[in-house]
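Going by the numbering used here, the sequence shown opens with residue 674, and the numbers climb by one from there.
Backbone N, C-alpha and C fix where the C-beta goes; we use that ideal spot for every residue, glycine too.
Notes for the one structure printed next.
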Amino acid sequence: MIQGTGSSVGKTLIVAGLCRIFAQDGYKVSPFKSQNMALNSFVDIDGLEMSRGTVIQAEAGYQIPRAFMNPILLKPNSDNNSQVIINGIAKFTLNAKDYFSKSKELKEIATKSYQYIKDNFDICVLEGGGSPAEINLREYDLVNMGMAEQVDAPVILVGNIDIGGVFASLYGTVMLLDKEDRERIKGIIINKFRGDVDLLKPAIDALDKKFKEEGLDIEFLGVMPYGDFEIEEEDSLSDIIQKKVDKEKKYINISIIKTKKMSNFTDFHVFKQYEDVRVKYIKDVEELGDEDIIILPGSKNTITDLEDLKKRKIFEKIKELKEKGTVIVGICGGLQMLGRKIFDPLKLESDFSETDGFNFLEYDTTFGEIKKTVQVERVIDAEEGILKELRGIKVLGYEIHQGVSTIKSNIVCKGNVFATYIHGIFDNSEFTNGFLNIIRSKKDMPIVEKIETYSEFKEKQYNKLANLMRENLNIEKIYKILK
């Protein structure tokens, strides 16, 4: 099990890298995260919802992502409650206190999923969440030491040196745990280092000495440098930060509207594959106006986010830019916003029973209690508008939405606007490169005839991660910890 001294230390990618290494070495490997909290989710082949972080780990291990790898997913509705998804199906909405009251039942659910992996795979790499040193929650814990104890897993602890204080956080995390949990930690990894590793040696030796004085057998497994690989980060917009801009070169500029309850921003990680595309997230209306494409992304609370766009005057600005010819794209919640009206008679998402959309496209949306989660395969059938030239191209993706729109197809196009319920639509390289070529042509930029598929692009990144880990971590020691 990989645990961290806190959030954003790099646990997800360490697990992904280990899954690729073990798979390369001939083992059948599965990732496992008993509980995850994220607005970025995926739909597996059975129509079950799971976290995006676990998806990249499964792909890295040459496995088809399945919901049993992430049996509990929490999708925050507000600061006070979350939608609870059990084994891929939305079951209820709970506040933290009520959720913790179900910890025994939830542990049994997590353990059952883990047992399936144990019976069907050679190796399971578990990922923790946040920090195991949140000792006020140890009684209810089912994602860190509580899960490690349940399945008797040795633990490797990861610390992030980039934010500072890594040695204090590693030592402090270990020493805050009770004796049994402390002794479960068998190794440590320092992650996200920039600089000369030799400068860390005195501190590593001092930390090792302190652990030995406490009677702990914790191996130092290595220092992972900051890696130049393009693998999506589930919980951070940092993965969309672009490389330096060449002032002599033309780019396709994409603005993604940053809403408070934005979901599935991983839909846009694919744009990092294209050297002539630059992406930025927009929070203020003043930042809009110099882009070729505006994207309204998915949302966990579409009406709340739409009302907020109106309040921030982004709503009217997008209307103005649409009339000037800017291409407008809506995905899932963004599709709902681009229609005429949104109705929420049960007030599932907000205190509004209805609100006006952008009215760019001719449909309405009504929210109900049924949530749609399904993988889809469609052919672009636009008879007009920006997607007309792409008619006949097949796209794969998945739908996750609580709302029914009065549309005949889950891809709608009119003029310079298109909207879709399909998450992952841009992962389809023929479609995306064709769409970008339409913009390139308008801007008198070079047309890109062929590009590697997004799957091929990701494969190179997973191998790059695995190679970097083999070069900088003691994989032999990690195998010994496994045994």
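| Query | Result |
| --- | --- |
| Three CB pairs or more closer than 8 Å across the stretch 1060–1071 and the stretch 1082–1098 | yes |
| Cβ neighbours of K1061 in the same chain (closer than 7 Å, five flanking residues each side left out) | A1055 |
| Assumed close pair V936, K953 - CB separation to whole angstroms, cut-off 8 Å | Looking at the sequence provided, one finds Ser at residue 936 rather than Val. The Cβ separation is near 19 Å, so there is no contact. |
| Local Cβ density within 10 Å of A655, reported as buried at 16 or more and exposed below that | The structure shown does not extend to residue 655, since the chain is modelled only from 674 through 1156, so no value can be given for it. |
| Three CB pairs or more closer than 8 Å across the stretch 884–900 and the stretch 853–870 | yes |
| Cβ pair count under 8 Å reaching 3, the stretch 763–780 against the stretch 728–737 | no |
| Pairwise C-alpha distance: F893 and R1064 | 56 Å |
| Cutoff 7 Å; reference I762; Cβ partners in own chain excluding five residues on either side | L721 |
| Whole-number beta carbon distance between D717 and A740, since they are thought to touch under 8 Å | 5 Å |
| Extent of the continuous alpha helix (DSSP H) to which I790 belongs | 776–793 |
| Residue burial classification, M818 (beta-carbon count within 10 angstroms, cutoff 16) | buried |
| Spatial distance of N754 from G683 (CA atoms) | 26 Å |
| First through last residue of the beta strand (DSSP E) which encompasses M674 | That residue, M674, is in no beta strand (DSSP E); it is neither H nor E in DSSP. |
| Secondary structure of M1142, DSSP reduced to three states | helix |
| Cβ neighbour criterion (16 or more within 10 Å) applied to P970 | buried |
| K1153 classed as buried or exposed, judged by whether at least 16 other C-beta atoms fall within 10 angstroms | exposed |
| S911 - DSSP class collapsed to helix/strand/coil | Below a pLDDT of 50, predicted positions are generally treated as unreliable, and S911, at 48, falls in that range; no measurement from the model is reported. |
| Whole-angstrom distance between G860 and F884, CA atom to CA atom | 11 Å |
| Where the beta strand (DSSP E) containing I861 begins and where it ends | 858–866 |
| For Q756, the first and last residue of its enclosing beta strand (DSSP E) | 754–759 |
| Cβ shell of F1130 (< 7 Å), same chain only, five flanking positions each side left out | Q946 |
| Whether L712 touches P744 by CB criterion (9 Å) | no |
| Whether P827 touches R857 by CB criterion (9 Å) | yes |
| Beta-carbon gap between K923 and D949 smaller than 9 Å | yes |
| Nearest residue (CA-CA) to E822, options L1021, R985, T784 | T784 |
| Nearest residue (CA-CA) to S972, options T1038, K1014, E1035, F938 | F938 |
| L872 classed as buried or exposed, judged by whether at least 16 other C-beta atoms fall within 10 angstroms | exposed |
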